[in-house]
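S.K.: In our numbering, the protein residues as written are 4 to 114. Cβ coordinates follow ideal geometry from the N, Cα and C atoms, glycine included.
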């Protein structure tokens, strides 16, 4: 039977992985990198990323994190949001790129 500590450790490892591979690269990028409409689109992506990071950190169990991550990891990346075509920002959408690595971590942790 799993202890509360091991569940907490698994949760923290999964969140650390998602933060590092998916969220932090976008959140660390300064908005000044872009200008005009590109900057507006980036700000939209950045806000969504911050909202998603907060959402993931609110999940209580490793299983919930796994389920939500796999549901959110889309092969199409960002397509359209708020009327903006964000296809050129696909390189910022790390979720599909790290899906297999995430699954491997889940298997390693027994989640």
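Rounding to the nearest angstrom, what Cα-Cα distance links residue 91 and residue 56 in this structure?
M.R.: Any reading at residue 91 needs caution, since the residue's pLDDT is 43, under 50, leaving its predicted position unreliable; the model's value is listed next. Cα-Cα distance, rounded: 21 Å.
S.K.: Can you tell me where the alpha helix (DSSP H) with residue 25 in it begins and where it stops?
M.R.: Here residue 25 belongs to no alpha helix (DSSP H), and DSSP marks it neither H nor E.
S.K.: What do you get for residue 36, buried or exposed, if any count of 16 or more other CB atoms within 10 angstroms of its CB means buried?
M.R.: Residue 36 comes out exposed.
S.K.: Pair every Cβ in the segment 48-67 with every Cβ in the segment 8-26, then say whether three or more of these pairs are closer than 8 Å.
M.R.: Yes: the two stretches touch, three or more of their Cβ pairs being nearer than 8 Å.
S.K.: Where residue 79 and residue 10 are concerned, what is the direct C-alpha to C-alpha distance, given to the nearest angstrom?
M.R.: In this prediction, residue 79 scores a pLDDT of 49, lower than 50, which makes its location untrustworthy; the coordinate-derived value is nonetheless stated afterwards. Approximately 32 Å, taken between the alpha carbons.
S.K.: What would DSSP say about residue 113, mapped onto helix, strand or coil?
M.R.: Residue state, collapsed to three classes: coil.
S.K.: So is residue 56 in contact with chain D if we call contact Cβ pairs under 9 Å?
M.R.: The question asks about chain D, but that chain is absent: this structure has only one protein chain.
S.K.: Helix or strand or just coil, what does DSSP make of residue 93?
M.R.: Any reading at residue 93 must be qualified, since the residue scores a pLDDT of 47, below 50, and its modelled position is unreliable; the value itself is stated next. Residue 93: helix per DSSP, three-state reduction.
S.K.: Give me the Cα-Cα distance between residue 82 and residue 44, rounded to the nearest whole angstrom.
M.R.: Here the model assigns residue 82 a pLDDT of 46, short of 50, so the residue's position is not dependable, and the following value carries that caveat. About 12 Å.
S.K.: For my contact list, residue 109 and residue 71 are in at a C-beta cut-off of 8 Å; report their separation, rounded to the angstrom.
M.R.: Actually they do not touch by this definition, with Cβ atoms about 12 Å apart.
S.K.: Judging by CA-CA distance, which residue of 101, 106, 41 and 73 is the nearest neighbour of residue 23?
M.R.: Residue 23 has its Cα closest to that of 101, out of 101, 106, 41 and 73.
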